[in-house]
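Asks: Structure incoming, see below.
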């Protein structure tokens with residue numbers, strides 16, 4: 009971050025960048041026009057000149073958007089779009105592995121067994137399958153594009169579609185109607201008041217027993233106990249999960265040992281070397297736009313949290 013601060017003054021002429029430590033923050037924030045990160049409820053009344061806040065995360069921590077911040081005049085932007093290709097690749101990894109029965113073959117490999125009958129669910133050919141993408145932002149749109157390239161029919165759900173993609177887009181209210189036809193259900197939505205626990209026992213019962221559930225958005229959108237029960241009872245065929253209602257996932261949780269489940273510990277973009285540079289370039293571009301009085305990129309609807 010300190011390197012970014014120095015770099016911004018070169019890349020965006022006319023901008024003054026300060027990097028206060030915690031002891032200096034209360035005094036420093038009184039004069040700033042823009043900030044990167046978060047402004048707490050205690051600091052917000054001091055930020056009298058604040059007009060732009062760059063959120064470092066597309067799906068920030070719970071409590072980032074509190075009522076006073078929502079009502080404040082500050083415009084908030086986020087980095088949505090910088091992760092799209094990496095996370096879509098992670099989703100396709102889950103889809104390919106689950107559809108081919110890879111978890112079962114890997115179990116046999118670890119046990120040194122040559123057994124051609126270990127797969128307990130039928131092979132799902134992505135070509136000709138139906139992929140439902142819940143949240144067709146940058147990640148969802150790229151997932152739709154890749155899925156269609158494999159020959160899948162893609163249907164999407166999004167309240168404000170902004171991206172071109174080969175998916176038929178429906179409003180979120182159509183979810184229950186579309187769920188029974190899906191072979192893969194991919195959810196990329198952020199955690200908001202409307203999406204919290206949207207994936208629950210009732211929704212899993214609407215999926216067909218041969219379908220796979222993939223959550224790469226936020227863990228709080230899926231009720232962990234309901235998902236575990238749906239997998240244990242065979243209501244769905246399996247799951248690929250990068251995010252969880254409880255993180256880290258407890259060591260004794262049943263999901264660790266389910267052979268029809270693939271887990272990754274919230275790492276879909278953790279090792280992507282180019283993400284810091286993409287994050288900086290977005291920040292620098294918005295800083296240039298801010299100085300020029302131009303429209304900022306990735307403006308957040310604060311009331312919706314995204």
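Residue numbers (the numbering used here): 9 to 314. Ideal Cβ placement from N, Cα and C applies to all residues, glycine included. If you're wondering where the values come from, they're calculated on a predicted model, not measured in any experiment.
1) Residues in the same chain with beta-carbon distance under 8 Å from residue 305, minus the five sequence neighbours each way, listed in chain order, please.
2) In whole angstroms, give me the CA-to-CA distance for residue 227 and residue 255.
3) Look at the Cβ atom of residue 196, then the Cβ atom of residue 268, and state whether they are nearer than 9 Å.
4) Taking the Cβ atom as the reference point for each residue, do residue 181 and residue 145 lie within a distance shorter than 9 Å?
5) What does a CB cutoff of less than 7 Å around residue 82 pick up in its chain, not counting 5 residues either side in sequence?
6) Kindly indicate which residue of 95, 64, 127 and 288 has the alpha-carbon position closest to the one of residue 308.
7) Whole angstroms are fine: how far does the CA of residue 300 sit from the CA of residue 199?
8) To test your reading of the DSSP string, which unbroken alpha helix (DSSP H) runs of 4 or more residues are found completely within the segment 14-97?
9) Give me the residue from 78, 183 and 152 with the minimum Cα distance to residue 310.
10) With residue 301 as the anchor, note down where its alpha helix (DSSP H) starts and where it stops.
11) Three-state secondary structure (DSSP) at residue 178?
12) CB residue 225 to CB residue 39, shorter than 9 Å?
13) Measuring only the C-alpha atoms, how far is residue 51 from residue 148?
14) Report yes or no: do the segment 184-194 and the segment 169-176 share at least 3 C-beta pairs separated by less than 8 Å?
15) I think residue 253 touches residue 232, with their Cβ atoms under 8 Å apart; what is that distance to the nearest whole Å?
16) Classify residue 131: buried if its beta carbon has 16 or more other beta carbons within 10 angstroms, exposed otherwise.
17) To the nearest whole angstrom, what separates the beta carbons of residue 124 and residue 112, a pair I think is in contact under 8 Å?
18) For residue 207, name the three-state secondary structure that DSSP assigns.
19) Leaving aside the five residues before and after residue 27 along the sequence, list all residues of the same chain whose C-beta is less than 8 Å from its C-beta, in chain order.
20) If you pair each beta-carbon of the segment 103-122 with each one of the segment 262-280, do three or more pairs fall below 8 Å?
Replies: Inspection of the coordinates gives the following:
1) Numbered from 1 along the chain shown, position 297 holds the residue referred to as residue 305. Cβ neighbours of residue 305 beyond the five flanking positions: 85, 290, 293, 294 and 297.
2) Within the chain shown, residue 227 is the residue found at index 219, counting from 1. Within the chain shown, residue 255 is the residue found at index 247, counting from 1. The alpha-carbon atoms of residue 227 and residue 255 are separated by roughly 8 Å.
3) For the purposes of this step, residue 196 is identified with residue 188 of the chain shown, where counting begins at 1. For the purposes of this step, residue 268 is identified with residue 260 of the chain shown, where counting begins at 1. Contact: no.
4) Position 173 of the chain shown holds residue 181. Position 137 of the chain shown holds residue 145. Going by C-beta atoms, residue 181 is not nearer than 9 Å to residue 145.
5) Position 74 of the chain shown holds residue 82. Closer than 7 Å at the Cβ level, and outside the excluded window around residue 82, lie 58, 59, 60 and 61.
6) For the purposes of this step, residue 308 is identified with residue 300 of the chain shown, where counting begins at 1. The shortest Cα separation from residue 308 among 95, 64, 127 and 288 belongs to 64.
7) The count along the chain shown starts at 1 and reaches residue 199 at position 191. The count along the chain shown starts at 1 and reaches residue 300 at position 292. Roughly 33 Å between the two C-alpha positions.
8) 30-36 and 75-79
9) On the chain shown, position 302 is the one that residue 310 refers to. Among 78, 183 and 152, the Cα nearest to that of residue 310 is on 78.
10) Indexing the chain shown from 1 puts residue 301 at position 293. Premise fails: residue 301 is in no alpha helix (DSSP H) and is neither H nor E.
11) Residue 178 sits at position 170 when you count from the first residue of the chain shown. If DSSP states are grouped into helix, strand and coil, residue 178 belongs with the strands.
12) As a working note, residue 225 is residue 217 in the chain shown. As a working note, residue 39 is residue 31 in the chain shown. The answer is no: Cβ separation not under 9 Å.
13) Walking along the chain shown from the start, residue 51 turns up at place 43. Walking along the chain shown from the start, residue 148 turns up at place 140. Each residue's Cα considered, the two are about 35 Å apart.
14) no
15) Within the chain shown, numbered from 1, the residue matching residue 253 stands at position 245. Within the chain shown, numbered from 1, the residue matching residue 232 stands at position 224. Indeed they touch by this definition, with Cβ atoms about 4 Å apart.
16) Taking the first residue of the chain shown as 1, we reach residue 131 at position 123. Residue 131 is exposed by the Cβ-count criterion.
17) Working through the chain shown from its first residue, we reach residue 124 at position 116. Working through the chain shown from its first residue, we reach residue 112 at position 104. The Cβ separation is near 11 Å, so there is no contact.
18) Position 199 of the chain shown, counted from the start, is the residue given in the question as residue 207. Of the three classes helix, strand and coil, the one that applies to residue 207 here is strand, per DSSP.
19) By one-based count along the chain shown, residue 27 stands at place 19. Same-chain partners within the cutoff: 9, 10 and 13.
20) yes
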